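In what follows, a single structure is set out as structure tokens and then discussed.
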Amino acid sequence: MSLPIVADIQQPGAAAPARPEVRSLSREELGALVARLGEKPYRAGQLYKWLHQKYALSFEEMSDLPKAFRAKLQAEVVLEPLVLDKDQRSTDGTIKFRWRTTDGKLIESVYMPDEERGRRTLCISTQVGCAMGCGFCATGTMGLARNLTPGEIAGQVHQVNRFLIEEGLVPGPRPLTNLVYMGMGEPLHNFENVKASLEILLSEEGPNFSHRHVTVSTAGIVPNILRLGAETEVKLAISLNATTDECRDKVMPVNRRWKIADLMEACRKFPMRQGRRITFEYVLFDGINDTDADLERLVQLVRQVPAKVNLIQYNKNEGLPYEPSPPERVQHFIDGLMRRGVQAMARKNRGRDILAACGQLAAEGGPGRKPAKGILTGQLAPRGA
Ligand code: SF4
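Under the numbering used here, the first residue of the sequence shown is numbered 31, with each subsequent residue one higher.
And the structure:
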């Protein structure tokens, strides 16, 4: 199956279904639905919990809702969860999940347990493909097919929670402790749906994640960095990967629209709650962004805000022209940053043996497709920007 390449990235949403997708409705919208169906208000709370705390996959499972109410729901809204297409287990405990959406698209999420630190993190996707076209990234070669809905974004979390409980891997009711929006897609290019998914995932009546344990990553869509800071309380990660505009224009074409100076200004304006830091992700490419001059510039950039730097050794993607820096170069960057007082660490490459590591998610079979053209010609206009 091949994905369509959507050049006009201003209209990437899925066609609206005839009946609304119930998992994408907000708590208020569920309340209005329940009232319209003539049911008592507390039924909305019950329904919300079935969807977002008990991870129900069908109305039949909702055993304490009257049959007549369930029949009315069936007629008014759809509940069509993601279907597990494949799960791949790495020797390091990482599990890569491939999901099939109702319209047949494939997306991926990656589960990364860290029992030493008591963390079980899920990396989730926000779009089918990605329009950003980063030259090193397998997803970036696919182009953008469409945005995921709030229900599809939150649904990855619900279904992995359910999977971990059912497989007996982790006791319930909420096995996952941390979320990172770093899978397929650029989260801030699907801002409204990402924000709606956060409302579900942080809800006390839902999975009840703490905003301290949820990180949204961006390649650098500056207007929506400011919106994320103003409208949510989650943490921010910046995928930086270069220290000059000349280099970043090539590695991450989004930089042709918003330069490094614009990005750093947005970071300075981002609210730093409770001693938080912005995470800067820096993937090291041999001979491209790993010189001593890069190290000096990186220090100067990240010192502008409370920051920590994750150094990532590149995972080679066949067909893409980037090579990983040697491990000693990664260590040289860590030492250099730490000596200058910058918190830095090498991010563990999880699931490398199952292509689940950073920049390797491409559910349609890997590199070979071209990115959407919009961002290269100044058309980038994120929804809600
Ligand atoms: Fe998109 Fe992220 Fe890949 Fe860049 S690195 S193409 S933003 S998925």
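Just so you know, even glycine gets a beta-carbon here, dropped at the ideal spot from N, CA and C.
Everything numeric in this text was worked out from a predicted model, so none of it was measured.
No Cβ-Cβ contact shorter than 8 Å links GLN304 with HIS219. Beyond the five residues adjoining it in sequence on each side, LYS116 comes within less than 7 Å, by CB distance, of ARG128 in the same chain, given in chain order.
The beta carbons of TYR344 and VAL372 sit no closer together than 8 Å. Between the alpha carbons of GLY185 and ARG53 lies a distance of about 8 Å.
If the five residues before and after MET92 are omitted, its C-beta is found closer than 8 Å to the C-beta atoms of GLN76, LEU77, TRP80, ALA86 and ARG100, all from its own chain and listed in chain order. Restricted to the segment 250-285, the alpha helix (DSSP H) segments that are unbroken, complete and at least 4 residues in length are 252-261 and 275-281, listed in chain order. With respect to the C-alpha of PRO205, the residue from LYS84, SER227 and VAL284 having the closest C-alpha is LYS84.
Contact between LYS135 and ALA175 is confirmed by a C-beta separation of about 6 Å, below the 8 Å threshold. Nearest neighbour of LEU270 by Cα position, chosen from ILE290, ASN254 and ARG257, turns out to be ILE290. Less than 8 Å divides the Cβ of GLU261 from the Cβ of LYS225. Linking GLU182 to SER139 through their CA atoms gives a straight-line distance of about 11 Å. Counting C-beta atoms within 10 angstroms of its own C-beta, GLU216 has 16 or more neighbours from the protein chains shown and is therefore classed as buried. At least one heavy atom of the ligand SF4 is found less than 7 Å from the C-beta of ALA249. Check the Cα spacing between GLN330 and each of TYR72, GLY366 and ASP316: the tightest is with GLY366. Counting the other CB atoms within 10 Å of its CB gives SER120 a total of 16 or more, which places it among the buried residues.
Put simply, the backbone Cα of GLN118 is about 5 Å away from that of LYS126.
In the DSSP assignment, THR151 is bridged to MET142 and ASN208. Using a 10 angstroms sphere on the CB of VAL264, the tally of other CB atoms reaches 16 or more, which defines it as buried. In the three-state reduction of the DSSP assignment, VAL339 falls in the strand class. Spatial neighbours of ARG359 in its own chain (CB-CB distance under 7 Å, excluding positions within 5 residues in sequence) are listed in chain order as LEU314 and ASP320. The continuous beta strand (DSSP E) containing PHE310 extends over residues 308-314. Taking 7 Å as the cut-off, one finds at least one heavy atom of the ligand SF4 near enough to the beta carbon of GLU216. Annotation: LEU67 to LEU103 spans about 8 Å, alpha carbon to alpha carbon.
Considering only PHE166, ARG149 and PRO283, the residue with the shortest C-alpha distance to SER240 is ARG149.
When distances are taken from the beta-carbon of THR309 to the heavy atoms of the ligand SF4, even the shortest one reaches 7 Å or more. For GLY366, the Cβ stays outside the 7 Å cut-off from all heavy atoms of the ligand SF4.
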